[in-house]
Amino acid sequence: MNVEFPVGLSGAEGTTLMWAHEHEVGAQALQQLRNIAALPWVHGVRVMPDVHLGKGATVGSVIAMKQAVSPAAVGVDIGCGMEGVLTSLAAADLPDDLSAIRSRIEAAVPVGFRAHENPVSVRKLGLDRGWDRFWGSFSSLHDGVQDREKKAQQQMGSLGGGNHFIEVCLDDEDRVWLMLHSGSRNIGKELAERHMRIARALPHNEDLPDRDLAVFLSGTPEMDAYRRDLAWAQEYASRNRAVILALVMQAVRESFTQEVRFERPISCHHNYVADEHIDGLDLLVTRKGAIRAGLGDLGLIPGSMGTGSYVVRGLGSERSFYSASHGAGRRMSRNEAKRRYTVDDLIAQTAGVESRKDAGVVDEIPAAYKDIESVIAAQSDLVEVVAHLKQVICVKG
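Mapping the sequence shown onto this note's numbering, position 211 (from 1) lands on 264, and the numbers just tick up by one.
Pasting the structure below:
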């Protein structure tokens, strides 16, 4: 039992519990949390130890609402999440020079703004179940994205940029894992931004302390349209990660002469909405930079491109709304990281990791993130550690 957390947020209306101390959180993020807690539809807010300022709603927040949902509380990368799988490989099976494996992965999965020239053949990967139904529903999405279907199909199975990554990792028993972080690509972003604009213009949101926190109300056509597009984008993100993982598994298989086997993958969203029963009520729960950590739920909590990650199992904490952090969380903005650090700093902080080491990823330098060990320790009442992973290859856009 964690005797240190949770703690209440000073000046917040309603029930706002934090797995972080206020002095560790920026003033803007704290005010953002207070603004969220003040919304009349909010039942309660839970704040994870990786908390930091976000667009509209705070990253690392879990918000339970009555008959309402705020698109900003989900974020623009709808359905973003993690995928991980244990392989039959051991550290001793890996070559001394890992650059060829990294190159093979990068050839299989487009990164950054790139996409596949032709849509991935999911039938060959064994991932075509429900495929026709899924794409058949594209025509029901927001009118503003109807010319984006081809792009969305080409981006299926692509990584994106920013903090998205593909990694080859070793656990403490020297077993090899594959892990990745990606979401709903451009189509999720476009859907989110369109619905945020719609929400901001609704009359019931006129007097909010922050119009970015605008909500949709249950029983309205605007809510129905958002939930429809949201569900589709969450499925896109889940399918995207499954395709990426299959492509990476294929690239890894082709890198070894011996047979490589894979366990059942672990998958978790960390930007999403779910209907959940909490405190005896049926509520709409948004997790933005947070994972579900119900009793026995397996999850993945990454650190940074030089510090490793954790496989965890949820302890089913009712106090946290069955949630845990989604990662280490940033401790400084991307612009601040670029001002403070150089490529030489990045090279030093990613020593031993086969990865990009250039100006394009300095904003992802490990020092820009909170200490993952402290973040895990702060939520010892929310999750138990199953495995600690340390990356040896990191692919970024």
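Cβ atoms here follow ideal geometry from the backbone N, Cα and C, with glycine treated the same way. Being a predicted model, the structure only gives us computed values, none of them experimental.
- Per DSSP, residue 386 is not a residue of any alpha helix (DSSP H), being assigned neither H nor E.
- Taken through DSSP and simplified to helix, strand or coil, residue 274 comes out as helix.
- Residue environment for residue 400: exposed (fewer than 16 other C-beta atoms within 10 angstroms of its C-beta).
- Checking the DSSP bridge columns, you'll see residue 340 partnered with 115 and 325.
- Beta-bridge analysis with DSSP links residue 234 to 135 and 218.
- Between the alpha carbons of residue 305 and residue 295 lies a distance of about 15 Å.
- Non-local C-beta neighbours of residue 344 in its own chain, meaning closer than 6 Å and more than five positions away in sequence, comprise 321, 323, 352, 377 and 379, ordered along the chain.
- By the 16-neighbour rule on beta-carbons within 10 angstroms, residue 310 is exposed.
- If only complete runs of 4 or more residues are kept, the stretch 404-445 shows the alpha helix (DSSP H) at 425-431, in order along the chain.
- C-alpha of residue 359 to C-alpha of residue 443: approximately 8 Å in a straight line.
- Taken through DSSP and simplified to helix, strand or coil, residue 198 comes out as helix.
- When DSSP reads this structure, residue 370 sits in no beta bridge, so it has no partner.
- CA-to-CA, the gap between residue 289 and residue 181 works out to about 13 Å.
- Rounded to the nearest whole angstrom, the CA to CA distance from residue 398 to residue 116 is 37 Å.
- Assigned with DSSP and collapsed to three states, residue 261 falls in coil, not helix or strand.
- Membership of residue 160 in the alpha helix (DSSP H) is indicated by the continuous run 152-161.
- Counting only unbroken stretches of 4 or more residues, the alpha helix (DSSP H) elements lying wholly within the stretch 72-127 are 80-90, in sequence order.
- Remark: three or more beta-carbon pairs, one from each stretch, lie closer than 8 Å, so the stretch 112-126 and the stretch 267-285 are flagged as touching.
- Inclusion of residue 365 and residue 141 in the CB contact set at 9 Å is not warranted, their separation being larger than that value.
- The C-alpha of residue 417 is placed about 11 Å away from the C-alpha of residue 395.
- In this structure residue 300 is not in contact with residue 98, their Cβ atoms being roughly 38 Å apart against a cut-off of 8 Å.
- The C-beta of residue 223 has 16 or more other C-beta atoms within 10 Å across all chains shown, which makes the residue buried.
- Distance from the CA of residue 439 to the CA of residue 363, rounded to the nearest whole angstrom, comes to 7 Å.
- Taking all protein chains shown into account, residue 208 has 16 or more neighbouring C-beta atoms within 10 Å of its C-beta and is therefore buried.
- When beta bridges are read from the DSSP output, residue 355 appears opposite 362.
- Contact annotation: residue 75 and residue 431 have beta-carbon atoms that are not nearer than 9 Å.
- Counting only residues of its own chain and dropping the five nearest sequence neighbours on each side, residue 64 has a CB closer than 6 Å to the CB of 87.
- For residue 285 and residue 342, the gap between their C-alpha atoms comes out near 19 Å.
- If you look at residue 267, you'll find it isn't in any alpha helix (DSSP H); DSSP assigns it neither H nor E.
- Where residue 377 is concerned, the enclosing beta strand (DSSP E) starts and stops at 376-378.
- Residue 194 is classed as buried because its beta carbon has at least 16 other beta carbons within 10 Å across all chains shown.
- In terms of Cα proximity to residue 390, the closest of 129, 215, 202 and 94 is 215.
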